[in-house]
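Worksheet for the structure shown next.
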DNA sequence: AGAAAAGTAGACCATTTGGTCAAAAAATTG
DNA sequence: CAATTTTTTGACCAAATGGTCTACTTTTCT
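Protein chains in written order, with my numbering: chain A, 1 to 219; chain B, 220 to 438.
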């Protein structure tokens with residue numbers, strides 16, 4: 001009987017984690033087709049056959065990597081209600097998403113390429129979950145509007161703007177680096193985050209919560 | 220002597236255009252590595268050898284496609300001066316970029332993937348041109364600020380936000396389509412454009428020019 | 001018309017690459 | 001310790017693919 005324990009310990013689990021990490025790196029840099037299983041194996045310091053032992057096909061490995069990245073979409077925004085302050089919630093959401101772009105740029109890139117190529121591997125439950133999530137968040141925004149906490153606006157385009165503007169720092173980092181002449185460091189991300197919060201909240205006629213203004217060392 | 224005329228007429232030119240168009244479609248959908256020359260040939264209704272006759276290598280064809288997309292970056296914003304009204308200029312810029320996303324989504328996707336993968340094929344004069352362009356535009360924004368036409372803000376992040384938010388509608392169209400349940404049509408783009416202008420200009424404390432407000436049929 | 005150039009196209013090749021097989025080694029279990 | 005399961009690994013294969021070669025046809029130019 002094949003056991004393949006689910007525990008995080010053991011040689012198998014360690015190798016799996018190792019492979020997933022190597023795969024993430026490769027897929028982010030070269031895309032699905034552009035990544036050879038051999039390259040992932042090299043990156044993980046394992047023979048290719050060993051990689052195929054843990055993941056039967058390249059596609060299976062890719063989907064596994066992709067699924068890991070989906071957890072990054074979780075956010076406090078998911079559980080916000082009409083009683084919350086939209087300024088606080090949106091500022092926190094933007095901050096969270098910027099933090100993801102800074103700390104998980106590879107995952108963001110893989111996700112972006114997957115979407116650009118038609119999201120062939122994101123069918124199934126992701127679709128429905130995501131659509132349901134969207135529905136709920138748009139309803140919340142409408143409630144905020146009805147409650148006079150937000151001006152009349154289309155939540156859909158607001159969310160797209162937030163996603164696009166935050167993910168941009170991960171996905172387009174090579175362009176940004178070239179334009180600036182150097183990589184963005186943590187402090188740059190903080191400036192960018194503040195500016196983006198100011199822009200989005202300003203665009204929604206919301207006051208920027210004081211803790212998001214010019215506060216250089218609030219982790 | 221090899222003539223390969225530059226005219227747009229003639230069998231050669233027609234084929235080249237045909238091939239470039241087919242290639243654009245394929246590269247946008249499958250990326251560079253994911254696109255077989257044979258597939259481009261099929262799409263163009265030509266034998267593979269014929270494609271390689273006009274473009275010596277797949278890479279050369281790819282770069283040719285890429286270079287065509289760069290012309291899409293040209294904008295009225297390029298020639299704006301401190302005497303112009305930033306509200307008008309930025310609104311027009313956003314409108315232009317949204318129009319590119321609507322009418323040239325494939326080009327936008329190819330460009331996006333190229334950047335995500337490190338922009339290996341965009342070295343050389345594009346880099347310098349682009350950096351110089353950026354420098355000039357940031358200087359203009361600073362002039363506007365100095366002239367009291369704009370509040371204190373970092374032009375760099377403003378431009379990133381505009382690029383990201385507009386290109387998003389091309390690059391992530393598959394996600395948007397799934398979330399909405401149907402493709403965005405021209406009218407949807409117009410709504411999105413108005414919303415984005417409102418958001419960005421609002422975030423910059425600029426009044427939205429009347430012609431960008433709720434005006435459903437100003438081509 | 002005739003030569004030269006441009007364009008078309010099938011056959012073919014070398015490399016890459018995803019994936020299989022079988023066999024050995026290591027770990028686990030009874 | 002013996003049996004069984006898990007893991008490791010090299011050898012190998014078939015398909016896909018970028019690109020070449022050669023020969024033929026069509027167009028262009030003088």
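Glycine residues also receive a C-beta, built at the ideal position from the N, C-alpha and C atoms.
What you are looking at is a predicted structure, and each value in this text was computed from that prediction instead of being measured.
So what does DSSP say about residue 403/B, is it helix, strand or coil? coil
Collapsed DSSP secondary structure at residue 153/A in the structure displayed: coil
Using a Cβ cut-off of 8 Å, pull out every chain B residue sitting near residue 30/A, in sequence order please. 252, 336
Using a beta-carbon distance below 8 Å, is residue 274/B in contact with chain A? no
So, residue 43/A versus residue 64/A, is the Cβ gap smaller than 8 Å? no
Do residue 131/A and residue 397/B have their beta-carbon atoms positioned less than 8 Å apart in this structure? yes
Name the two residues that bound the continuous alpha helix (DSSP H) containing residue 239/B. 229-249
Along chain B, which residues have their Cβ under 7 Å away from the Cβ of residue 195/A? 372, 373, 376
If we define contact as Cβ-Cβ less than 8 Å, is residue 165/A a contact residue for chain B? yes
What do you get for residue 288/B, buried or exposed, if any count of 16 or more other CB atoms within 10 angstroms of its CB means buried? buried
Measure the Cβ-Cβ separation of residue 464/B and residue 305/B and say whether it is below 8 Å. With chain B covering only 220 through 438, there is no way to say anything about residue 464/B.
For residue 366/B, three-class secondary structure by DSSP: coil
Residue 366/B classed as buried or exposed, judged by whether at least 16 other C-beta atoms fall within 10 angstroms: exposed
For residue 54/A and residue 128/A, I'd like the C-alpha separation in whole angstroms. 29 Å
Which of the three DSSP states is assigned to residue 254/B in this structure? coil
Could you run through the stretch 395-407 of chain B and flag, in chain order, every residue whose CB is less than 9 Å away from some CB of chain A? 395, 397, 398, 399, 400
Roughly how many angstroms lie between the CA atoms of residue 276/B and residue 94/A, to the nearest whole one? 43 Å
Just mark residue 7/A as buried or exposed, buried being the case when its beta carbon has 16 or more other beta carbons within 10 Å. Note that residue 7/A scores 47 on pLDDT, short of 50, meaning its location in the model is unreliable; the coordinates nonetheless yield the value given after this. The residue in question, residue 7/A, is exposed, as its Cβ has fewer than 16 Cβ neighbours within 10 Å.
Taking a Cβ distance cut-off of 8 Å, strictly less, list which residues of the stretch 127-152 of chain A are near chain B, in chain order. 127, 130, 131, 134
Closer than 8 Å to chain A by CB, residue 424/B: yes
Taking CB distances under 8 Å as the criterion, tell me whether residue 437/B reaches chain A. Note on residue 437/B: pLDDT 46, under 50, position unreliable in the model; the coordinate value appears next. Chain A, which has no Cβ nearer than 8 Å to the Cβ of residue 437/B, makes this no.
Reduced DSSP secondary structure (H/G/I, E/B, other) of residue 299/B: coil
Residue 363/B: which of 382/B, 424/B, 315/B sits nearest, CA to CA? 424/B
Could you tell me which of 290/B, 353/B, 248/B, 234/B sits nearest to residue 328/B, measuring between CA atoms? 248/B
Is it right to say residue 406/B is buried, meaning 16 or more other beta carbons lie within 10 angstroms of its own, or is it exposed? exposed
Please confirm whether residue 157/A and residue 415/B have their CB atoms less than 8 Å apart. yes
Could you have a look at residue 274/B and say whether DSSP puts it in helix, strand or coil? coil
Proximal residues to residue 16/A (C-beta, below 6 Å), its chain only, five neighbours per side dropped: 54
Spatial neighbours of residue 162/A in its chain, beta-carbon cut-off 7 Å, leaving aside the 5 residues before and after: 93, 94, 97, 200
Would you mind telling me which residues of chain A sit closer than 7 Å to residue 411/B, beta carbon to beta carbon, in chain order? 157
Whether or not the stretch 290-297 of chain B and the stretch 331-338 of chain B are in contact is what I'm after, with contact meaning three or more pairs of Cβ atoms, one per stretch, closer than 8 Å; do they touch? no
On the CB-based measure, 16 or more other CB atoms within 10 Å of its CB, does residue 344/B come out buried or exposed? exposed
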